[in-house]
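Chemist:
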Amino acid sequence: IPSKIVFATDNAAGEPGPLREVIGLAKMIDAEVLITHVNLGKESLPSEMFEWYKEKVGEDISYPRKSFHLVKGEELQETLESFVRLKEADMMVMSIKERSFWERVLSKSETKEMAYHPPVPLLAYHLSSFKRENTHQTA
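Using the working numbering, read the sequence shown as starting at 97 and increasing by one per residue.
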């Protein structure tokens, strides 16, 4: 049973669905959740936006065993693997974004790449399923 879960996100826009699911799992097994964003070189998330994300999540999701981490690196997979080892995490969760046809053709899926050789068990959530779920709830 995992005691530390790394939730890797680049979803600072705040789709809380996958994180809510991870927190629900963590509550059942009394695990710590490390909410982690990796800043990659020039594609970095401004620290102010990450602070806003932390506040928003803190207001929306109550769980005392969650923490936030803004990690810098050059390559996502290598940086996440190092972070998982450093924090001695037992599980990692990533979100899969819906990508356009051209994005699928021209760029690789980071989650798919990580799934080939994960440092710990990997759980992947597809964000589009949460968007559909939220659409049905409001209709």
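Backbone N, C-alpha and C define an ideal beta-carbon position, used for all residues, glycine too.
What does the Cβ neighbour count give for L182, buried or exposed, with the cut at 16 atoms within 10 Å?
Modeler: So L182 counts as exposed.
Chemist: L172: which of F164, G154, P214 and V153 sits nearest, CA to CA?
Modeler: If we check each option's Cα against that of L172, P214 comes out closest.
Chemist: Which runs of the beta strand (DSSP E) at least 3 residues long sit entirely within the segment 100-134? Give them in chain order.
Modeler: Entirely contained in the segment 100-134, the beta strand (DSSP E) runs reaching 3 residues are, in chain order, 100-104.
Chemist: Could you tell me which of T105, P160, D156 and P114 sits nearest to V134, measuring between CA atoms?
Modeler: Residue T105 is the option with its Cα nearest to V134.
Chemist: Let me check one thing: in DSSP terms, what residues is H164 bridge-paired to?
Modeler: It is worth fixing the name first, because residue 164 is Phe in this sequence and not His. I131, per the DSSP bridge assignment.
Chemist: Using the Cα positions of L130 and K138, report the straight-line distance between them to the nearest angstrom.
Modeler: Rounded to the nearest angstrom, the two C-alpha atoms are 24 Å apart.
Chemist: Could you pull the DSSP bridge partners for M145 from this structure?
Modeler: According to DSSP, M145 bridges with nothing at all.
Chemist: Quickly, what does DSSP pair Y221 with across the bridge? List them, please.
Modeler: Per DSSP, S191.
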